[in-house]
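First comes the structure, then the notes that go with it.
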Amino acid sequence: MAACVNLLRCLKCQSSFKMSFAAKCALRNFTGHHFGSVSRLVLFSTRPLSAYWHKSDVPFRPLLHRKPKNRCDFASKADSEIEENPFAYNHLLIKLEGLDDGVLDHYCQFVTSASKMMKLEVKKKFNLVTETFRQTLAYPLDSYKKDGITYDFKKHGRMIQVAEVPFDKFDFFVQYLQDNVPPGVTVHMELKKWQDFVSPPDPLLLELERLEREKIEARKGKTPPK
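So this note's numbering is basically just the index in the sequence shown, starting at one, shifted up by 193.
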């Protein structure tokens, strides 16, 4: 049986090294050589005394001094620093509610497909907390039964955040969604972020921000033009 031994050779200093099966031996042998010029050599030995070299076309991948790859070439901006498009609704929050979980998931998939069809970006999708409520139905007045029947229901919810809906597409998009609402599903739309729905801002802070903006606008109006 032919024996196959993997050898490593540096193209600059023309020195060969036998690659050991242990990784630490291979790393120790290549400490002081040119990693970019090392190629792999395979020695085929049919007899103990006769052998020839066969150079592999696959270059040797350096194991040492590997620089960590920078996965992010630029720093991401916060949501407040991103410039908003003046010709589009930057945030459209769609809230779906229904009693049937399967029908609600099907319509949620329909909203996502409609957004992709109109080339709109769906930034966030998540499920709302399931609410349990009871509904009591009373018997007719002429019935001998006095107590009503109580039913337990579960109301499911889905939330979809669509980003940058242009003004010329907004009416068509909303009308298309409303025309295809299945029975038992309610749709509610708002022009705000999903973060404001999860953690609503304090009304007092909003009022202070509004007063601060009014002061800044008043100062700009009083400054004489140059």
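Ideal Cβ positions, reconstructed from N, Cα and C, are used throughout, including at glycine.
First and last residue of the alpha helix (DSSP H) that includes residue i?
{"i": "T305", "result": "D294 to M310"}
{"i": "F326", "result": "Counting along the chain, F326 falls outside any alpha helix (DSSP H), though it belongs to the beta strand (DSSP E) covering E324 to L330."}
{"i": "V391", "result": "W387 to V391"}
Can you tell me whether residue i is helix, strand or coil according to DSSP?
{"i": "P359", "result": "strand"}
{"i": "K408", "result": "helix"}
{"i": "D345", "result": "strand"}
{"i": "E400", "result": "helix"}
{"i": "L286", "result": "strand"}
{"i": "D250", "result": "Any reading at D250 must be qualified, since the residue scores a pLDDT of 44, below 50, and its modelled position is unreliable; the value itself is stated next. D250: strand per DSSP, three-state reduction."}
Only counting the same chain, and skipping five residues up and downstream in sequence, which positions put a Cβ closer than 6 Å to that of residue i?
{"i": "E383", "result": "L286"}
{"i": "V367", "result": "none"}
{"i": "F214", "result": "Bear in mind that a pLDDT of 44 at F214, under 50, signals an unreliable position, so the number given afterwards is only what the model happens to contain. Cβ within range, chain order: n/a, list empty."}
{"i": "S336", "result": "none"}
{"i": "K317", "result": "Q354 and W387"}
Only counting the same chain, and skipping five residues up and downstream in sequence, which positions put a Cβ closer than 7 Å to that of residue i?
{"i": "Y369", "result": "A307"}
{"i": "L321", "result": "G350, R351 and M352"}
{"i": "G377", "result": "G291, L292, D293 and V296"}
What is the rounded straight-line gap between the Cα of residue i and the Cα of residue j?
{"i": "V315", "j": "K386", "result": "12 Å"}
{"i": "N278", "j": "K362", "result": "14 Å"}
{"i": "Y344", "j": "F319", "result": "28 Å"}
{"i": "E405", "j": "P396", "result": "14 Å"}
{"i": "K338", "j": "L292", "result": "28 Å"}
{"i": "K408", "j": "E357", "result": "30 Å"}
{"i": "M310", "j": "A331", "result": "47 Å"}
{"i": "P359", "j": "H284", "result": "11 Å"}
{"i": "F326", "j": "E402", "result": "39 Å"}
{"i": "T329", "j": "E400", "result": "42 Å"}
Looking only at its own chain, which residues have a Cβ that is under 8 Å from the Cβ of residue i, when we skip the five neighbours before and after it?
{"i": "Q371", "result": "V380"}
Along the beta strand (DSSP E) that carries residue i, what are the first and last residues, could you check?
{"i": "V315", "result": "E314 to N320"}
{"i": "Y337", "result": "Element bounds for Y337: n/a, residue is neither H nor E."}
{"i": "G377", "result": "Where G377 is concerned, there is no enclosing beta strand (DSSP E), given that its DSSP letter is neither H nor E."}
Validate contact between the stretch 350 to 367 and the stretch 294 to 308 using beta carbons, cut 8 Å, 3 pairs: Yes, since at least three Cβ pairs between the stretch 350 to 367 and the stretch 294 to 308 fall closer than 8 Å, the two stretches touch.
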